[in-house]
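*Asks:*
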Amino acid sequence: MSGLRTRVATRVAASVLIVFAAAGVFAPQLAPFPRDLIRLENSGRAPSALHPFGTDMLGRDVLSRILHGGRVSLVMATVATLVAVAIGTLLGSLAGYFGGRVDTAISALVDTALSLPLFFLVLLLGQRWGASVGSLCVVVGLASWMPVARLVRQTTSSLRQRAFVDAARGLGFGTARVLARHVLPSTAAPILVASALGAAQAVLMESALGFLGFGLQPPIPSWGGMLREAQSHLHDAPWLAIFPGSCIFLLVLALHALADAGQGAFDPRARGERHVGG
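Numbered as in the working numbering, the sequence shown ends at 1687 without a single skipped number.
(1) List the whole-angstrom C-beta distance separating A1431 from H1477, where the pair is believed to meet the contact cut-off of C-beta under 8 Å.
(2) Anyone know if the C-beta pair for L1662 and V1425 falls short of 9 Å?
(3) My parser needs the alpha helix (DSSP H) runs of 4 or more residues fully inside the stretch 1542-1621; what are they?
(4) Where does D1470 sit, in a helix, a strand or coil, going by DSSP?
(5) Taking the straight line between their C-alpha atoms, what separation do you get for A1617 and F1429?
(6) Quick one: what's got a C-beta closer than 7 Å to S1553's C-beta in the same chain, skipping five residues either side?
(7) Rounding to the nearest angstrom, what Cα-Cα distance links G1686 and T1415 in this structure?
(8) Which term fits V1417, buried or exposed, when burial requires 16 or more other beta carbons within 10 angstroms of its beta carbon?
(9) Have a look at the DSSP bridge pairing and note the partners of T1464.
(10) Which residue marks the beginning of the alpha helix (DSSP H) containing R1637, and which one marks its end?
(11) Go ahead and label H1644 buried or exposed: buried means 16 or more other beta carbons lie within 10 angstroms of its beta carbon, across all protein chains shown.
(12) So F1652 and F1442 are supposed to be a Cβ contact under 8 Å. How far apart are they, rounded?
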């Protein structure tokens, strides 16, 4: 029964991600109105057939802005995760493969980075480099690579003494080829799990930056920025906060659900527990 619930939850989470991805990619075609179209005569309209998610205080269609804001969140999550995975995989594989002083130095770097207040570091770097989509992607990625590095380091360290790795070394393959063709493929599954969690963290971080006013600036819509604009209208126009907040919640929940499902599928101990229990 638990396995059935897990499969259902995974399919629902995957469906939610597909819907969000499709909505982000085709936002210009799906949006019923231009994202920045101001109609003061429609200011603060409740949800209706014409405006399913209502309008904001400038008369802009909330659904259109949510669709365009979703593109920002998806781009942020994807690019920031790729940056984090690239850095974490490189450093983690070097630490696990070489061990010794290399491992000690990289592990110390990871521990130091994890001890920093990462959100405030993101705020400082974002202020230094400016609030653009590209800079925020890099900043969030630079603040998120440490769990990937630890994971890859642990897996690589356990694989470097395996017979197939010794055989590859014996054939004269260089370090880069051994890592790329024989070691890193074995870390792909756990990296995917870490990537899903990292993407969820990126969405939350981008939303928090936007809510605090350090994210993308108007007129570019973002879910966090929409929440910031809605905080003074929670009583008279609650839909301004409900819809972007619900999107953040559903996207993060779906990413965590996929990460949990992936961890259960790739962890031999979890599979064994389900087998014994079933």
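Virtual Cβ for every residue (Gly too), placed ideally from N, Cα, C.
*Replies:* Based on what the coordinates show:
(1) The Cβ separation is near 14 Å, so there is no contact.
(2) yes
(3) 1542-1551, 1555-1568, 1572-1579, 1584-1587 and 1597-1621
(4) strand
(5) 19 Å
(6) A1489, A1493, G1607, Q1610 and A1611
(7) With a pLDDT of 40 at G1686, under the threshold of 50, the modelled position of that residue is not reliable, and the figure given next carries that caveat. G1686 and T1415: Cα-Cα distance of roughly 14 Å.
(8) exposed
(9) D1470
(10) W1632 to A1639
(11) exposed
(12) Not a contact, Cβ separation roughly 15 Å.
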